[in-house]
Amino acid sequence: MARGLGYYIFVRALMIIPTILILYTIVFILLRLLPGDPILAVVGTRNIPPEQLENLRHMAGLDKPPYIQYFDYLWRLLHGDFGVTLAIPMGTPVKNYIFSRFPATLELTIFGFTISVILGLLTGTVAAVKRGSAVDTGMRLYSIIAYTLFIPWFGLLLQYFFGLVLGVLPTSGRLDPDISLKTITGLYVLDSILTGNIDALISSLAHLVLPSLTLGIVLSGAYTRLVRNNLVDILSMDFIRSYRARGIRDWKITIYALKNAFIPVITLMGLQFAILLGGAILTETTFSWPGMGTFIVDRIDYRDYNSIQGMIIFFAFFVSLISLVVDVIYALLDPRVKY
Amino acid sequence: MPLLEIDGLRIYYYTLSGIVKAVDNVSLVIGENEWVSIVGESGCGKSTLAYGVVRLVPPPGRIVSGRIMFRGRNLLSMDREEFRSILGREIGMVFQDPMTSLDPLRRVGDQVAEMFTTHLGIDRGEALEKAGELLEVVGLSRDYINYYPHQLSGGQRQRISIAIAMSLKPKLLIADEPTTALDVIVQDTIMDLIEGFKREGTSILFITHDLALAAERSDKIAVMYAGKLVEFGTVDQVVDNPQHPYTMGLLHSVPDLWGPRRIESIPGYPPDLRDPPPGCRFHPRCRFRIDMCSREEPELIEVEEGHYVACWLRSSGGG
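So the protein lines, in turn, are chains A and B.
Be aware that the first sequence starts at 510, since it is given in the numbering used here, and climbs by one per residue.
Be aware that the second sequence starts at 897, since it is given in the numbering used here, and climbs by one per residue.
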């Protein structure tokens, strides 16, 4: 408390540096342990003279000893440079891909996250308030089913039903091909609003429905459980009974209880956001969503070291920022937290 | 018309292993500006009785039958909204554990002020002003409105709980062992505080296991044993002239600072309320039991004016 929130945020932000460094080291080593290398992956089964192969390796900087490669890339990172792609197309800055792919993932993540939180809070609260009833059992069943759903399978199911049978929603991509949208942020919904493009807004929202529902429903299961169990605990606490004895209205008591039950939920939110970005990979693949997930999967096939490293580090940086924000919210919400 | 009239109240807990008759046919009257203490050991149903009055018996407990008349109206037959408007406004309640009876996430001032905004409909600023004044009444500084509960001691928190309970000057304050979790010095100041409100006209229903504490400040004492009311009367009647063997046992189990008397405990344990003994529930532990005690349940009868006891030894029909 003594040093204040600013100091706390500063220290927490500093801790992102070792986190990223450790992650980079692990990813770097793992990638080098994988059989094959980017050059072989590009060349494939074609017969190419060894000198030319060497030349390609040299151009990619892969002829240097691994520790030099490690520090080279680290040095670039410090300057905000994520390197260039090592596979086809060779030599494109990884940053370009990050800029084009990240907003797609972020957009999907935000919608999926929002849906999961709303669904989880609603179902969990209803279950806790109606504790022991059939409604409660139903909500708990929902939680378990949602939690165990396999994203590609569930995604396919939604695609089949809404896309094929009803034919009301698009099943892949982010925008109808015949709609043009001037991108500013890369978040299509935001861009369509900013440019006043109604067609693009409708189309991009329609494209978001199925993937974000898939992601949102699957992730909501964990919230339902957590919110229900916490709220049940809180509702049986002394201070809730005191509120009732003071004649405070029921809906207000539920809100106070929710606020108390929310603290562990916020922790889960931070963790979920990271899982969400991962879950986005499956969702993106299922819905041909041009995000970071599909890009990383694609690049792993090529052993494109720089792209994978760059993307993962950016990913990690973003997740760290989110968890920092979560910690700050946590500290602001709970007066007992000392920072 | 008495302020509160409990009539034939039964509160049972429907547990998986049986029905626990925690409060079994208890009748009790509290007059205007009267301090009535309910005394009994743990599990005798005294707290359940208090929860019954504010309709907050925790599940699986349920009020099975009886009437609770408060200023001529039956609390048990009111609809939820009507009863809610009485809670806090006409009946205040203070609980045992001050450490857990305030919301940890909200400032003390907001929790006090909420009583005014909820029941009087005044705006938050004015309510906070009143909350500050109220904190001074209970002996805390006005600045405490900005504190969170975890920044306060147990005694301070209990003062705040009392301030909240008394914020709208209710006619009745129910205090469920409000001093049990506190040390003796703080205990005394809290009792003074409650007594101060009584002097201003509030009736007190005080729940305690401590007969000596009850005897200090009460007007009347009700002794409960195993879900039954066994003796009821003024402090003088109950303490100086106890009629029920259980009350005598309670009085003998407290050390006397000035006398030579040894502490005598009551042999045995309270019965399992899922399956209480037949007849008088105290008879297995009673030194004076007669045949009648294990066969039939004694009624509460008036042995002298205002002094009631449920014991076959005092009952003319007994023997």
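Using N, Cα and C, we set each Cβ at its ideal position, and we do this for glycine too.
Check, Outcome
"For A/SER625, the nearest candidate out of A/TYR752, A/LEU684, A/VAL736 (CA to CA)", "A/VAL736"
"4-residue-minimum alpha helix (DSSP H) runs that sit fully inside the segment 1004 to 1067 of chain B, ordered along the chain", "1004 to 1015, 1020 to 1033, 1050 to 1062"
"Own chain, CB closer than 7 Å to A/PHE671, minus 5 neighbours either side, in chain order", "VAL677, LEU678, LEU719"
"Residues of the segment 941 to 964 of chain B with Cβ closer than 8 Å to any Cβ of chain A, in chain order", "VAL950, LEU952, PRO954"
"Cβ distance (whole Å) where B/GLU930 is taken to contact B/LYS1116 below 8 Å", "7 Å"
"B/GLY1097 versus B/LEU952 - alpha carbon distance", "25 Å"
"Alpha-carbon spacing of A/PRO575 relative to A/ARG521, whole angstroms", "31 Å"
"Presumed contact (8 Å Cβ cut-off) between B/PRO898 and B/ILE926, rounded CB distance", "6 Å"
"Complete alpha helix (DSSP H) runs within the segment 781 to 848 of chain A (minimum length 4 residues, chain order)", "801 to 810, 814 to 842"
"Minimum Cβ-Cβ distance from B/TYR1142 to chain A less than 7 Å", "no"
"Nonlocal neighbours in the same chain, by C-beta distance under 6 Å from A/LEU792, ignoring five residues either side", "The question names Leu, but residue 792 of chain A in the sequence shown is Thr. The answer, listed in chain order, is ILE660, PRO720, THR723, LEU724."
"Cβ separation of B/TYR910 and B/PRO954, assumed to be a contact under 8 Å, to the nearest whole Å", "Contact flag wrong, Cβ pair sits at about 12 Å."
"Per-residue contacts from B/ILE1041 into chain A (C-beta, under 8 Å)", "Result: empty, since nearest Cβ-Cβ is about 14 Å, beyond 8 Å."
"Contacting residues, own chain, Cβ-Cβ under 6 Å from A/ILE772 (five flanking each side not counted)", "ASP843"
"A/SER625 at chain B interface by Cβ criterion, 7 Å", "no"
"is_contact[B/ASP1006, chain A] using C-beta, thresh 7 Å", "no"
"Closer than 7 Å to chain A by CB, B/ASP920", "no"
"Residues that B/MET983 bridges to, as DSSP identifies them", "The sequence given here places Leu at residue 983 of chain B; Met does not occur at that position. According to DSSP, which records beta bridges pairwise, B/LEU983 is partnered with B/ILE987."
"Validate contact between the segment 1104 to 1118 of chain B and the segment 1166 to 1186 of chain B using beta carbons, cut 8 Å, 3 pairs", "no"
"Residue burial classification, B/VAL990 (beta-carbon count within 10 angstroms, cutoff 16)", "buried"
"Under 8 Å from the C-beta of B/HIS1046: neighbouring residues of chain A", "PRO844, ARG845"
"A/SER701: CB within 6 Å of a non-hydrogen atom of the ligand PLP", "No copy of the ligand PLP occurs in the structure displayed, which carries no ligand at all."
"Chain-ordered chain B contacts of A/ASN739 [CB-CB under 8 Å]", "Residues of chain B passing the Cβ test: none, with the nearest at roughly 13 Å."
"Beta-carbon gap between A/SER713 and A/LEU684 smaller than 7 Å", "yes"
"Contacts of B/GLY984 in chain A (Cβ-Cβ under 8 Å)", "ALA754, ARG755, GLY756, ILE757"
"Exposed unless 16 or more other CB atoms sit within 10 angstroms - verdict on A/PHE823", "buried"
"Minimum Cβ-Cβ distance from B/LEU1209 to chain A less than 7 Å", "no"
"Contacts around B/LYS917, its chain only, beta-carbon distance under 6 Å, and the 5 residues preceding and following it disregarded", "TYR908, GLY1123, LEU1169"
"Check whether A/THR618 and A/ALA789 have beta carbons under 7 Å apart", "yes"
"At least 3 beta-carbon pairs within less than 8 Å: the segment 1130 to 1148 of chain B vs the segment 1169 to 1187 of chain B", "yes"
"Stretch pair the segment 606 to 617 of chain A + the segment 626 to 633 of chain A: three plus CB contacts closer than 8 Å", "no"
"7 Å Cβ cutoff, A/ARG812 in contact with chain B", "no"
"Contact set between B/ARG980 and chain A, taken where Cβ atoms lie within less than 9 Å", "ARG753, GLY756, ILE757, ARG758, ASP759"
"Outcome for A/LEU595 when other beta-carbon atoms lying within 10 angstroms are tallied against a minimum of 16", "buried"
"Contact with chain A by B/ASP857, beta-carbon distance below 7 Å", "No answer is possible for residue 857 of chain B: it lies beyond the span of chain B, which begins at 897 and ends at 1215."
"For B/ARG906, three-class secondary structure by DSSP", "strand"
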